[in-house]
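S.K.:
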Amino acid sequence: MTRTQRSTRRTRLRTAAFGAALSLVAAGCATSNQASSASGDAKAGVAAKCDVTKEGNVKSSGLEAPPTKKKGQLRIGFSPTAMDTYYKRVLAGVREGIDAAGGKSKIKLDVQAPSSQSATDDQVRSVEAWISQGYDAIAVALYNENALEPLFKKASEKGIPIFTFNSPVVCSPYYVSNIGYDQSEGGRAQAQWIVDHYKNKGTVKIAMLEGLPGPHTSERMRGFNSVISKYPNLKVVASQPAGWTRAQGLSVTENILTAHPDIDILVALYDEMALGGLEALKARNLQGKIAVVGYENMSEANAAIKKGDFAATVDTGAKQEGRNIISTIEKYVADGQRVPRTVFDKVTVYDKTNIADFNPDDYVYVPPAKK
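Okay, here's the thing in structure tokens:
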């Protein structure tokens, strides 16, 4: 065997080994993304294997598209998992970020939202189109990472950087930065509020409204359970998926109340489900008697706290997430700067003691003041 042949063989072996490692990572993602949070799979799931739950703890893989110093208008594709209340707040922040960057003459934004959370095919088509049209950057929120992984690879090979947002777990080696917040911290914040208010009140029965099975639910439940499990008097007596929707929040809460009429706290991993749960409580004249702890600080949840129908909710900085998306992309694509692998904002718990401190402008796009 010649020296050239030996060198080629070593290169092939290294490539094969690296490919096998990526396959193992992808397999870990598939397993965890499909796992039910109720079974506690999150403890051994994607977060542990992919290590993308805390800011600054993930190194660049070297396979993402490199930073550039693009001149002229940047074209950015933006794809949430669906255009719900949360992503409308994120988009408001994105638009304010574009204003701060110089306006539409500097950044052209193409927003393409799937018809539903699980309509991954819609998202795939949007990302494919942006790649074929040579967009300068793509920002995407993940519901089914495995379906998008080949496109992430294709984009990176074409020099188009991928930025993920509101994605608690990202296994792909092809993304530049994951922008959002630590979703397990959101669950911990819910649980800590309960601990602070109920740890000395004897046996307290808690019912949970989970979202769809997947990393968002798993990470929030992981954080919640990591805190609540330390207090034996705080007992989760029911935990059921309610699909992120108000309608399912209503129906699932009705079922829970039938089986467990003596619950003390209703916890929901998203305010839409919590608001549905509140409807079920009102039908039984239980509003204000069973504490409702939500997640997202939607405007209706905010109003419910002021009225006394909600006990608390967690604000995850959705609008700031949108601003961070644009500033991170601008640094990487226009300024040629390296950016952190994770860009996370803090979460804040609001209840009757501090809800008046929240600025309602944080719900909507605020155009720049005229000079």
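Going by mature numbering (1 follows the signal peptide of the UniProt record, and there is no 0), the letters in the sequence shown line up with residues -37 to -1, 1 to 334, in that order.
For every residue, glycine included, the Cβ atom is placed at its ideal position computed from N, Cα and C.
#1: For ILE191, which residues from the same chain have a beta carbon less than 6 angstroms from its beta carbon, with the 5 sequence-adjacent residues on both sides left out?
#2: Nearest by alpha-carbon distance to ILE292: which of ARG52, SER24, ILE70 is it?
#3: Kindly list the residues whose CB is nearer than 7 angstroms to the CB of residue 344, restricted to its own chain and excluding five residues on each side of it in sequence; keep chain order.
#4: Measure the beta-carbon distance from ALA205 to GLU173 and round it to whole angstroms, keeping in mind my assumption that it falls under 8 angstroms.
#5: If you check the beta carbons only, do GLN203 and GLY239 fall under 9 angstroms apart?
#6: Starting from LYS269, follow the beta strand (DSSP E) in both directions and report where the run begins and ends.
#7: Per DSSP, what kind of secondary structure is SER42 in: helix, strand or coil?
#8: Residues in its own chain within less than 6 angstroms of ALA(-17) by CB, not counting five upstream and five downstream?
#9: Where does LYS333 land, buried or exposed, given buried means 16+ other C-beta within 10 angstroms?
#10: Can you tell me which of LEU72, ARG183, GLN250 puts its alpha carbon nearest to the alpha carbon of VAL277?
#11: In the DSSP output, what is SER140 paired with across the bridge?
#12: CA-CA distance, LYS200 and SER78?
#13: Which whole runs of the beta strand (DSSP E) in the segment 281 to 331 are 3 residues long or more, in chain order?
#14: Please report how far the alpha carbon of PRO178 lies from the alpha carbon of ALA104, in whole angstroms.
#15: From ILE142, LEU54, PRO176, TRP156, pick the residue whose C-alpha is nearest to that of ALA76; which is it?
#16: Are any of the Cβ atoms in chain D nearer than 9 angstroms to that of PHE187?
#17: With DSSP as the reference, label ASP47 as helix, strand or coil.
#18: Below 9 angstroms between beta carbons: does that hold for GLY257 and ASP234?
#19: For THR83, which residues in the same chain have their Cβ closer than 8 angstroms to its Cβ, ignoring the five residues on either side in sequence?
#20: Between GLY143, LYS121, ASP99, which lies nearest to LEU37 when the distance is taken from Cα to Cα?
#21: I need the DSSP call for SER189, collapsed to helix, strand or coil.
#22: In whole angstroms, what separates the C-alpha of MET261 from that of ASP62?
#23: Would the beta-carbon of ILE318 fall within 9 angstroms of that of PHE128?
#24: DSSP state of THR208, grouped into three classes?
M.R.: Let me lay it out:
#1: So the list reads ALA154, LEU197, once near-sequence residues are dropped.
#2: It is ILE70.
#3: In the structure displayed, the chain extends from -37 to 334; residue 344 sits before or after that span and is not available.
#4: 7 angstroms
#5: No, the Cβ-Cβ distance between GLN203 and GLY239 is not below 9 angstroms.
#6: From DSSP, LYS269 is part of no beta strand (DSSP E) but of the alpha helix (DSSP H) over 262 to 270.
#7: strand
#8: Unreliable positioning characterises ALA(-17) in this predicted model, as indicated by a pLDDT of 35, which lies under 50. The coordinate reading is nonetheless provided below. No residues qualify anywhere along the chain.
#9: Answer is exposed; the Cβ neighbour count stays below 16.
#10: Nearest of LEU72, ARG183, GLN250 to VAL277, Cα basis: ARG183.
#11: Paired residues: PHE126.
#12: According to the sequence as given, residue 200 is Val; it is not Lys. One C-alpha to the other measures close to 34 angstroms.
#13: 305 to 308, 311 to 314
#14: 12 angstroms
#15: Distance from the Cα of ALA76 is smallest, within the candidate group ILE142, LEU54, PRO176, TRP156, for LEU54.
#16: Within the model displayed, chain D is absent; a lone protein chain is all it includes.
#17: In this structure, ASP47 counts as coil in the three-state DSSP scheme.
#18: yes
#19: So the qualifying residues of the chain are PRO77, TYR106, ASN107, ALA110, LEU111.
#20: ASP99
#21: helix
#22: 24 angstroms
#23: no
#24: coil
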